[in-house]
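Residue numbers (our numbering): 2 to 94.
Below is the structure:
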């Protein structure tokens with residue numbers, strides 16, 4: 002899901018949370034529209050920062066995966082070289 006989906010999802014969640022809050026308080030759903038706006042904007046911003054965190058963590062995970070692959074490749078080269086050495090010693094004896 003892209004940035005727009007995260008922002009719209011956050012805004013929808015904020016509006017739903019505001020309606021739920023007013024329902025618990027048994028107030029009219031359209032009372033104090035500034036509260037609706039504030040809740041929607043706050044959760045839309047939260048959705049945006051959630052998206053940024055997701056993108057950042059994907060980059061970190063890709064970097065870690067790349068490092069692990071390099072380490073595995075180096076380890077395989079070392080193991081293959083030591084295996085070749087051991088085989089050459091035993092065949093020459």
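A virtual CB, placed ideally from N, CA and C, is assigned to each residue, including glycine.
Of the listed residues the options, nearest to residue i (C-alpha basis)
i          : options           : result
residue 15 : 28, 84, 49 and 3  : 49
residue 4  : 39, 55, 83 and 90 : 55
Separation of residue j from residue i, as counted between CA atoms
i          : j          : result
residue 66 : residue 81 : 22 Å
residue 75 : residue 62 : 20 Å
residue 88 : residue 2  : 53 Å
residue 59 : residue 68 : 14 Å
residue 71 : residue 19 : 50 Å
residue 57 : residue 13 : 24 Å
residue 17 : residue 51 : 18 Å
residue 29 : residue 41 : 18 Å
residue 21 : residue 77 : 58 Å
Three-state secondary structure (DSSP) of residue i
i          : result
residue 40 : helix
residue 77 : helix
residue 2  : coil
residue 62 : helix
residue 83 : helix
residue 34 : helix
Beta-carbon gap between residue i and residue j smaller than 8 Å
i          : j          : result
residue 47 : residue 24 : no
residue 8  : residue 45 : yes
Any non-hydrogen atom of the ligand FAD within 7 Å of residue i CB
i          : result
residue 22 : As far as ligands go, the structure on display features none, and thus does not contain the ligand FAD.
Within-8 Å CB hit, residue i to chain D
i          : result
residue 50 : Absent from the structure: chain D. Only one protein chain is present.
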